[in-house]
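Enquirer: Starting off with a structure, shown below.
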Amino acid sequence: MLFLKVGRERSTLIFSACVSGFFALTGVIWGLWTDSLAILFDGAYSSVSLVLSMLSVKALCWAESPASNRFNFGRILAEPLVIAIKGFIILLVCLVSLVSALNALMTGGREIMTDMAIGFAFFSVIGCVYTWRYLKRCNLIHQSALVDAEAKQWCMDSLLSAAVLLGFMIVWGLSQTVYAHWAVYVDPLLVVLASVYIMAVPVRMMLQGMREIMMISPKPDVRKSVYRTLSVIGIQPSQCKMAKVGSYLLLEVTIGIERVQQMEGLQQRIDLQLEGFPLEVKTQVLFYPK
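With our numbering applied, the sequence shown corresponds to residues 4 to 293, in that order.
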């Protein structure tokens, strides 16, 4: 069952990478053709998304690989590490684009081929929104941190594409009025606004990745769900320690016993109680004499 889940996650991530590659290529070509900084930014973002999607596929393989002589506890930290790296790289792309757009604003703006730019932006919005919704729907099944990070990337790309489309329509509208000379500033202004707006998401991704790498206790709703589930077999919250790492929940349960016979079957009972949990639970039970 685990291998089937991993296979589906990998297929979803590969699909995301393929779509990113298509938009990266068309975005860069169309951006150069129309001389649009906003479309170039969209293409550059998609290029980065392609690299990050492939990195996510590799991280999934690392996280699922068994323990070895070199990695005695496996490599499950690969997932949050990749999420933190993705957040950092996306933030870097936003900062570089912001500086470029501000420079364009201060040097007289940019003239673009409005009709062709609107055509690309409309096509981009449809493609990005479809991919984003598809990944969101898939993650309802997978409950994967990597697929969730991919969905967030496509959400940002959808917002960016929608902003670009709106901006190009404003450029076209301005060009039909006495304010046509202001139209050259809209394209770089779009990149400034989109970059500033998008920055919050990669920052959150970085913080999420760092929280999981440091194995900070998961959110209260996750903890309460575990406590409620284990209370059925008499395990108290004070006996549990846990951390969320990627698609996994690491759980340590400490139990005092008076006789060796009390140990029998307890690990299986705990695993059975947590069988339907959304995350893959890795449980370790520690016994000590009362």
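For every residue, glycine included, the Cβ atom is placed at its ideal position computed from N, Cα and C.
Source: prediction; values computed, not measured.
1) Can you check DSSP and say which residues form a bridge with L210?
2) With a threshold of 8 angstroms on Cβ separation, who are the neighbours of V31 within its own chain once the five nearest residues in sequence on each side are excluded?
3) Could you spell out the range, first to last residue, of the beta strand (DSSP E) harbouring E283?
4) Does L144 pass the burial test, meaning 16 or more other C-beta atoms within 10 Å, or should it be called exposed?
5) Going by DSSP, what residue range makes up the alpha helix (DSSP H) through K222?
6) Could you tell me the alpha carbon to alpha carbon distance between P281 and L163, rounded to whole angstroms?
7) Skipping 5 residues on each side, what residues in its chain have a beta carbon closer than 6 angstroms to that of G77?
8) In whole angstroms, give me the CA-to-CA distance for V22 and M172.
9) Would you kindly report the start and end of the unbroken beta strand (DSSP E) that includes V248?
10) Let me check understanding here. Comparing Cα to Cα, which of P240, V263, M217 and I273 lies closest to V248?
11) Check each candidate in L55, Y137, F123 and T110 and name the one with the smallest Cα separation from Q87.
12) Going along the chain, which unbroken runs of the alpha helix (DSSP H) with 4 or more residues stay wholly within the region 24-82?
13) Classify L252 as buried or exposed, calling it buried when 16 or more other Cβ atoms lie within 10 Å of its own Cβ.
14) The beta strand (DSSP E) spanning I258 covers which residue range?
15) Could you have a look at L98 and say whether DSSP puts it in helix, strand or coil?
16) If you follow the alpha helix (DSSP H) that E267 is part of, which residue opens it and which one closes it?
17) What did DSSP end up calling S103 once you bin it into helix, strand or coil?
18) Three or more beta-carbon pairs under 8 angstroms between the region 140-155 and the region 218-236, yes or no?
19) Answer yes if the region 80-100 comes into contact with the region 258-266, meaning at least three C-beta pairs across the two stretches below 8 angstroms, and no otherwise.
20) Specify the secondary structure class of M4 as computed by DSSP and reduced to three states.
21) Is it buried or exposed, L113, if we count other Cβ atoms within 10 angstroms and call 16 or more buried?
22) Would you mind sorting Q287 into buried or exposed? The rule is 16 or more other CB atoms within 10 Å of its CB.
23) So, for M57: in the same chain, excluding its five sequence neighbours on each side, which residues have a beta-carbon less than 7 angstroms away from its beta-carbon?
24) Find the nearest neighbour of M119 within the set I201, V199 and T29, judged by alpha-carbon distance.
25) So, for M4: in the same chain, excluding its five sequence neighbours on each side, which residues have a beta-carbon less than 7 angstroms away from its beta-carbon?
26) Between which residues of its own chain and A165 is the CB-CB distance below 7 angstroms, once the five residues before and five after are set aside?
27) When DSSP labels each residue in this structure, what does S147 get in the three-state scheme?
28) Taking the alpha-carbon positions, what's the M209 to T257 distance?
Expert: To lay it out plainly:
1) If you number the sequence shown from 1, residue 210 lands on position 207. DSSP lists no partner for L210.
2) For the purposes of this step, residue 31 is taken as residue 28 along the sequence shown, with counting starting at 1. If we look at V31 and ignore the five residues flanking it on each side, its Cβ neighbours are L43, G46, A47 and S50.
3) Looking up residue 283 in the sequence shown gives position 280. Segment E283 to P292, the beta strand (DSSP E) holding E283.
4) To locate residue 144, count along the sequence shown from 1; it is residue 141. Checking the displayed sequence, the identity of residue 144 turns out to be Ile instead of Leu. Exposed.
5) For this step, residue 222 is matched to residue 219 along the sequence shown. Per DSSP, K222 belongs to no alpha helix (DSSP H) and is neither H nor E.
6) To locate residue 281, count along the sequence shown from 1; it is residue 278. To locate residue 163, count along the sequence shown from 1; it is residue 160. Rounded to whole angstroms, P281 to L163 spans 31 angstroms at the Cα level.
7) If you number the sequence shown from 1, residue 77 lands on position 74. If you ignore the 5 residues before and after G77, its C-beta comes within less than 6 angstroms of the C-beta of A70, all in its own chain and listed in chain order.
8) In the sequence shown, counting from the first residue as 1, residue 22 sits at position 19. In the sequence shown, counting from the first residue as 1, residue 172 sits at position 169. Cα-Cα distance, rounded: 25 angstroms.
9) To locate residue 248, count along the sequence shown from 1; it is residue 245. That run of the beta strand (DSSP E) goes C243 to V248.
10) To locate residue 248, count along the sequence shown from 1; it is residue 245. Comparing Cα positions, the closest option is M217.
11) On the sequence shown, position 84 is the one that residue 87 refers to. Correcting the residue type first, residue 87 is Ala in the shown sequence and not Gln. The shortest Cα separation from A87 among L55, Y137, F123 and T110 belongs to L55.
12) 40-67
13) Here residue 252 corresponds to residue number 249 of the sequence shown, with the count starting at 1. It counts as buried.
14) Within the sequence shown, numbered from 1, the residue matching residue 258 stands at position 255. Start and end: Y251 to I260.
15) Position 95 of the sequence shown, counted from the start, is the residue given in the question as residue 98. Helix at L98.
16) Your numbering for residue 267 matches position 264 in the sequence shown. Segment: none, E267 is in no alpha helix (DSSP H) and carries neither H nor E.
17) Working through the sequence shown from its first residue, we reach residue 103 at position 100. Reduced to three states, the DSSP call for S103 is helix.
18) no
19) no
20) Translated into positions along the sequence shown, residue 4 becomes position 1. Confidence at M4 is low in this model, with a pLDDT of 42, below 50, so the placement of that residue is unreliable and no value is reported for it.
21) For the purposes of this step, residue 113 is taken as the residue at position 110 of the sequence shown. With the sequence shown as reference, residue 113 is identified as Arg, and Leu is not the correct amino acid for it. The residue in question, R113, is buried, as its Cβ has 16 or more Cβ neighbours within 10 Å.
22) Along the sequence shown, one-based indexing puts residue 287 at 284. By the 10 Å Cβ count, Q287 comes out exposed.
23) Here residue 57 corresponds to residue number 54 of the sequence shown, with the count starting at 1. Here the set comprises A20.
24) Locating residue 119 in the sequence shown gives position 116, counting from the first residue. Among I201, V199 and T29, the Cα nearest to that of M119 belongs to T29.
25) Within the sequence shown, numbered from 1, the residue matching residue 4 stands at position 1. Note that M4 has pLDDT 42, beneath the 50 cutoff, so the model's placement of it is unreliable and the number below is only indicative. Taking C-beta separations shorter than 7 angstroms and ignoring five residues to either side along the sequence, M4 has no partners in its chain.
26) Indexing the sequence shown from 1 puts residue 165 at position 162. Cβ within range, chain order: V128.
27) Taking the sequence shown and counting its residues from 1, the one referred to as residue 147 is at position 144. If DSSP states are grouped into helix, strand and coil, S147 belongs with coil.
28) On the sequence shown, position 206 is the one that residue 209 refers to. On the sequence shown, position 254 is the one that residue 257 refers to. Answer to the nearest angstrom: the Cα atoms are 32 angstroms apart.
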